[in-house]
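K.L.:
Residue numbers (full-length UniProt numbering): 1 to 130. Glycine included, every Cβ here is placed at the ideal spot set by N, Cα and C. Right, I'll just put the structure down here and ask away after.
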Amino acid sequence: MTEYRIGTIMRKDSPILTAETPIRRAVAVLVDARAAAAAVLGDDGQLVGILTQKDCFRPALHASYHREWTGQVGDHMSRTVTSVDVDDEVIRVAEMFLAHPHRVFPVLDGARVAGMLHRSDVLALLTRFG
1 MTEYRIGTIM RKDSPILTAE TPIRRAVAVL VDARAAAAAV LGDDGQLVGI
51 LTQKDCFRPA LHASYHREWT GQVGDHMSRT VTSVDVDDEV IRVAEMFLAH
101 PHRVFPVLDG ARVAGMLHRS DVLALLTRFG
């Protein structure tokens with residue numbers, strides 16, 4: 001099992017956003033992609049945050065009450081991001097999912113976002129060998 005690397009099971013087609021993306025558009029992107037989260041990149045292409053479905057509930061509720069969407073991704077995203085490396089072993093990342101409440105980790109290849117890893121992806125692989 002230890003020979004399995006995250007790069008083999010990560011989702012490469014996950015949405016990418018910027019901090020300046022209007023939150024209404026970002027919510028639509030997540031919903032349309034059926035994605036739990038999106039990596040947020042800065043002007044230099046570096047990871048600066050993550051926007052999760054949970055982060056979107058406050059602006060969505062605000063919009064439902066006031067019939068108005070306000071703000072940008074940068075106003076609602078989580079700036080403290082736990083990421084994993086494309087070469088990390090699946091067992092190590094499974095243990096990280098136990099230690100953190102996150103459902104998704106951005107996967108980095110050096111400083112570049114290579115994809116997203118969902119805990120369901122790791123669990124599916126573990127059940128194949130358990």
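Which whole runs of the alpha helix (DSSP H) in the UniProt domain "CBS" (77-130) are 4 residues long or more, in chain order?
P.N.:
Runs of the alpha helix (DSSP H) inside the UniProt domain "CBS" (77-130): 90-99 and 119-129.
K.L.:
Say whether the region 22-33 touches the region 96-113, bearing in mind that this needs 3 or more beta-carbon pairs closer than 8 Å, one atom from each stretch.
P.N.:
no
K.L.:
Tell me which residue opens and which closes the alpha helix (DSSP H) that A26 is part of.
P.N.:
The residue you call residue 26 lines up with position 26 of the sequence shown. Per DSSP, A26 belongs to the alpha helix (DSSP H) from I23 to A33.
K.L.:
Throw me the rounded Cβ distance for the H76 and D55 pair, which I believe falls under 8 Å.
P.N.:
Within the sequence shown, the letter at position 76 stands for residue 76. Within the sequence shown, the letter at position 55 stands for residue 55. Indeed, because the Cβ distance is near 5 Å, the residues count as touching under 8 Å.
K.L.:
Which ranges does the beta strand (DSSP E) cover as unbroken runs of at least 3 residues, wholly within the region 46-77, from first to last along the chain?
P.N.:
List check, beta strand (DSSP E) in window: 47-52.
K.L.:
Within a Cβ cutoff of 6 Å, which residues of the same chain sit near K12, ignoring the five residues on either side of it in sequence?
P.N.:
The residue labelled residue 12 in the question sits at position 12 within the sequence shown. Excluding sequence neighbours, K12 sits near G115.
K.L.:
Thinking C-alpha only, which one of V81, R92, E3 and R5 is nearest G49?
P.N.:
Within the sequence shown, residue 49 is the residue found at index 49, counting from 1. Taking only the C-alpha atoms, the option nearest G49 is V81.
K.L.:
Closest Cβ-Cβ distance between A37 and chain D: below 7 Å?
P.N.:
No chain D appears in this structure, which consists of one protein chain only.
K.L.:
Cβ of R103 within 7 Å of Cβ of A38?
P.N.:
Taking the first residue of the sequence shown as 1, we reach residue 103 at position 103. Taking the first residue of the sequence shown as 1, we reach residue 38 at position 38. In terms of Cβ geometry, R103 and A38 do not form a close pair [threshold 7 Å].
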